[in-house]
Amino acid sequence: MKRAHVYIMTNKPMGVLYIGVTNNLPARILAHRSGTGSEFCRKWHLTRLVHAEPFDRIDEAIVREKALKKWQRVWKLRLISEANPEWTDLFGLINR
Numbered sequence: 001m002k003r004a005h006v007y008i009m010t011n012k013p014m015g016v017l018y019i020g021v022t023n024n025l026p027a028r029i030l031a032h033r034s035g036t037g038s039e040f041c042r043k044w045h046l047t048r049l050v051h052a053e054p055f056d057r058i059d060e061a062i063v064r065e066k067a068l069k070k071w072q073r074v075w076k077l078r079l080i081s082e083a084n085p086e087w088t089d090l091f092g093l094i095n096r
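Residue numbering for the sequence shown is 1 to 96, as defined by UniProt numbering.
Shown next, in the form of structure tokens:
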């Protein structure tokens, strides 16, 4: 069974954030990197995957995505920094 993911993209540490949801994380990140993932990511050059949360069901992931989008920016920055202090691009870890 494929897992769904909520993910956060950025252009640099503490930069512009994009929160999305997908049932195919590697393909979705590749789409963002090629400029076909979303207009927002293309506009702001968001190519760095800095956070991803797996879910067993897409509806659970959508609920989490909507909740995260309502968070204050400082909370989002803290969430990323606690799990990924260097704001490392995680794409290499998921694309194995």
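Beta carbons: idealized from backbone N, C-alpha and C, even for Gly.
So what's residue i in DSSP terms, helix, strand or just coil?
i, result
"Leu93", "helix"
"Glu86", "coil"
Ordered along the chain, which non-local residues of its own chain (more than five positions away) have a Cβ less than 8 Å from that of residue i?
i, result
"Asn52", "Checking the sequence shown, residue 52 turns out to be Ala, not Asn. Taken in chain order, the residues that qualify are His5, Val6, Tyr7, Ile8, Leu25, Leu90 and Ile94."
Does the Cβ of residue i have 16 or more other Cβ atoms within 10 Å, making it buried, or fewer, making it exposed?
i, result
"Ala83", "exposed"
"Val50", "buried"
"Val74", "exposed"
"Gly92", "exposed"
Sorted by chain position, which residues of the same chain lie with C-beta nearer than 6 Å to residue i's C-beta, five sequence neighbours on each side aside?
i, result
"Pro54", "Arg3 and His5"
"Arg42", "Gly35"
"Arg48", "Thr10 and Asp89"
"Lys69", "Ile19"
"Ala61", "Ala4, Val6, Val21 and Phe55"
"Gly37", "Ala31"
Below 7 Å CB to CB, which residues in the same chain sit around residue i once its five sequence neighbours on both sides are set aside?
i, result
"Ile80", "Ile8, Val50, His51 and Trp87"
"Leu77", "Met14"
"Trp44", "Asn11 and Val16"
| query | In chain order, which alpha helix (DSSP H) runs of at least 4 residues are fully inside the UniProt domain "GIY-YIG" (2-79)? | reply | 25-34, 39-44 and 58-70
| So does the segment 27-37 actually touch the segment 59-74, counting three or more Cβ pairs closer than 8 Å? | no
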